[in-house]
Structures are given as structure tokens and as C-alpha cells.
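**Student:** Just passing along the structure, written as C-alpha cells.
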């Protein structure tokens, strides 16, 4: 069943492209597993504390703030 699907898929997409997609998907998955803990360790301890107001995009142009809210 899967081999039939892959055979049909190879008519539309070459095998080397499928291999490239698979390798890049695994690479991005591993990169995400590495990046998330690093990003979380760099966050301040009170980052998610709702008692501390954080003005969002305070130093940016008002047009950029409107686009950011959309």
C-alpha cells in the first residue's frame, strides 16, 4: 500500500526531492528540539508574570504596531 503510493508519487516528484524533503524535515525537527530549551532558558524568570505590564512594540512606528496586531 505504501510502496504503491510512493511509486505513484515518484511520477510527480523525483525521488531525490523526496529524500531531500525527508532529510530536511528530520533536521528541522532536531533543530527545534535543540532550540526550544535554549530559548526557554534565556527567558527571564518573570517573563510570563501577568502582574508586570509589558508595552508591546513600544518603540516602533504606530503603523507597525497595527500590522503586528493583525
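Numbering (our numbering), first residue to last: 52 to 121. From the three backbone atoms N, C-alpha and C, an ideal C-beta is built for every residue, glycine too.
How about residue 97 and residue 103: are their beta carbons less than 8 Å apart?
**Tutor:** Going by C-beta atoms, residue 97 is nearer than 8 Å to residue 103.
**Student:** Please classify residue 94: does DSSP put it in a helix, a strand, or coil?
**Tutor:** Three-state DSSP puts residue 94 in coil, outside helix and strand.
**Student:** For the alpha helix (DSSP H) holding residue 118, just list the boundary residues, first then last.
**Tutor:** 113–120 is the extent of the alpha helix (DSSP H) around residue 118.
**Student:** Could you tell me the distance, in whole angstroms, from the CA atom of residue 60 to the CA atom of residue 118?
**Tutor:** Cα to Cα, the separation comes out at about 40 Å.
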